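Engineer: In the numbering used here, the protein residues as written are 31 to 313.
So that we are looking at the same thing, I have put the structure below in structure tokens.
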């Protein structure tokens with residue numbers, strides 16, 4: 031069967047070999063209760079994150095570089111993945127958080143047919159998605175947590191090799207933004223959409239465009255503005271990526287948030303730009 035889950039549509043028969051994403055069957059690097067997501071996602075006990083290996087986008091600066099390039103991890107069956115969902119739920123996870131799941135969407139859907147937890151399911155994606163695949167995802171996802179990385183095609187081509195990132199990501203986020211927003215009485219998110227954006231060095235102008243885009247989405251959508259950029263992965267190949275963002279860059283984007291009168295916003299602490307927040311990979 032030729033794989034066409036992501037916009038690359040590499041056509042690989044992943045029963046025989048890896049696709050563009052770098053993987054064949056389901057492969058994960060870690061699963062645990064993760065405390066460093068947005069407050070209504072990590073909530074009290076932590077988000078039950080499952081970190082999947084491989085990636086269909088492959089940003090040069092990826093902080094999970096070892097995972098996205100498939101240099102570590104263990105293979106699991108669909109049945110085992112369903113068991114992991116159950117284990118996380120029984121450990122007290124506030125949700126099941128699928129991290130970089132795009133290229134496994136069909137297999138994940140099968141795992142949820144085996145066992146569907148009674149806690150929300152978070153689809154935590156880089157945003158480079160096909161609407162056809164999201165229609166599969168929508169059968170199990172309660173909360174969408176997409177990154178919206180770039181609008182400028184120059185940036186997406188430079189850092190991912192994909193000039194068409196925004197073409198797919200903007201449509202994907204618009205689809206995800208239709209998810210009804212719901213919280214429980216304690217403030218835990220049960221359904222909805224939080225759009226993440228990582229401010230990059232020398233790219234505050236593009237971040238402002240992204241703020242503009244988010245301001246036009248349905249009122250209940252949240253923006254999570256991240257200032258955590260830390261040189262990682264292949265960042266050293268790009269002179270402009272060898273440093274963190276400046277206060278001037280951050281404040282320019284923050285001013286855009288204020289001027290668009292966005293109310294539903296999470297702002298990251300400026301001291302979050304540190305590798306200590308990157309999980310230790312167990313497998």
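Beta carbons are placed, not taken as given, at the ideal position from N, Cα and C, and that holds for glycine.
Note that the structure is a prediction, hence the values are computed from the model and not measured.
Identify every residue that forms a DSSP beta bridge with residue 57.
Structural biologist: Position 27 of the chain shown, counted from the first residue, corresponds to residue 57. When DSSP reads this structure, residue 57 sits in a beta bridge with 105.
Engineer: So who's on the other strand from residue 228, going by DSSP bridges?
Structural biologist: For the purposes of this step, residue 228 is taken as the residue at position 198 of the chain shown. In DSSP, residue 228 forms a bridge with 256.
Engineer: Can you find the residues in the same chain that come closer than 6 Å, C-beta to C-beta, to residue 112, ignoring five residues on each side of it along the sequence?
Structural biologist: In the chain shown, the residue the question calls residue 112 occupies position 82. Here the set comprises 141, 144, 145.
Engineer: Using 10 angstroms around the beta-carbon of residue 32, count the other beta-carbons present and answer buried if the total reaches 16, otherwise exposed.
Structural biologist: In the chain shown, residue 32 corresponds to position 2, counting from 1. Answer is exposed; the Cβ neighbour count stays below 16.
Engineer: From the DSSP output, read off the bridge partner residues of residue 219.
Structural biologist: Along the chain shown, one-based indexing puts residue 219 at 189. Beta-bridge pairing links residue 219 to 213.
Engineer: Measuring alpha carbon to alpha carbon, tell me which residue in 276, 234, 108 is nearest residue 286.
Structural biologist: In the chain shown, counting from the first residue as 1, residue 286 sits at position 256. The shortest C-alpha separation from residue 286 is found at 234.
Engineer: Determine the contact status of residue 163 and residue 297, defining contact as a CB-CB distance below 8 Å.
Structural biologist: As a working note, residue 163 is residue 133 in the chain shown. As a working note, residue 297 is residue 267 in the chain shown. Against a cut-off of 8 Å, the Cβ pair of residue 297 and residue 163 comes out as no contact.
Engineer: Where does residue 62 sit, in a helix, a strand or coil, going by DSSP?
Structural biologist: Taking the chain shown and counting its residues from 1, the one referred to as residue 62 is at position 32. Three-state DSSP puts residue 62 in a strand.
Engineer: Taking 8 Å as the threshold, find out whether the stretch 192-209 comes into contact with the stretch 151-161 through three or more Cβ pairs.
Structural biologist: Taking a contact to require three or more Cβ pairs closer than 8 Å, the stretch 192-209 and the stretch 151-161 qualify as touching.
Engineer: Taking only runs of the beta strand (DSSP E) that begin and end inside the stretch 72-119, which ones reach a length of at least 3 residues, in chain order?
Structural biologist: 77-82
Engineer: Rounding to the nearest angstrom, what Cα-Cα distance links residue 59 and residue 82 in this structure?
Structural biologist: Position 29 of the chain shown, counting from 1, holds the residue named residue 59. Position 52 of the chain shown, counting from 1, holds the residue named residue 82. The straight-line gap from Cα to Cα measures roughly 6 Å.
Engineer: When you compare each of 103, 39, 84 to residue 310 by their alpha carbons, which one comes out closest?
Structural biologist: As a position in the chain shown, residue 310 is number 280, starting the count at 1. Nearest C-alpha to residue 310: 103.
Engineer: Under three-state DSSP, which class holds residue 126?
Structural biologist: The count along the chain shown starts at 1 and reaches residue 126 at position 96. Three-state DSSP puts residue 126 in a strand.
Engineer: Using 8 Å as the threshold, is the C-beta distance between residue 252 and residue 224 below it?
Structural biologist: For this step, residue 252 is matched to residue 222 along the chain shown. For this step, residue 224 is matched to residue 194 along the chain shown. Yes, the Cβ-Cβ distance between residue 252 and residue 224 is below 8 Å.
Engineer: For my contact list, residue 190 and residue 89 are in at a C-beta cut-off of 8 Å; report their separation, rounded to the angstrom.
Structural biologist: Residue mapping note: residue 190 aligns to position 160 of the chain shown, counting from 1. Residue mapping note: residue 89 aligns to position 59 of the chain shown, counting from 1. Right, the Cβ-Cβ distance comes to about 5 Å (below 8 Å), so this counts as a contact.
Engineer: Quick check: the Cα distance between residue 152 and residue 282, rounded to an integer number of angstroms?
Structural biologist: The sequence position of residue 152 within the chain shown is 122, counting from 1. The sequence position of residue 282 within the chain shown is 252, counting from 1. In a straight line, the C-alpha of residue 152 is about 30 Å away from that of residue 282.
Engineer: According to DSSP, is residue 205 helix, strand or coil?
Structural biologist: Taking the chain shown and counting its residues from 1, one reaches residue 205 at position 175. It is helical.
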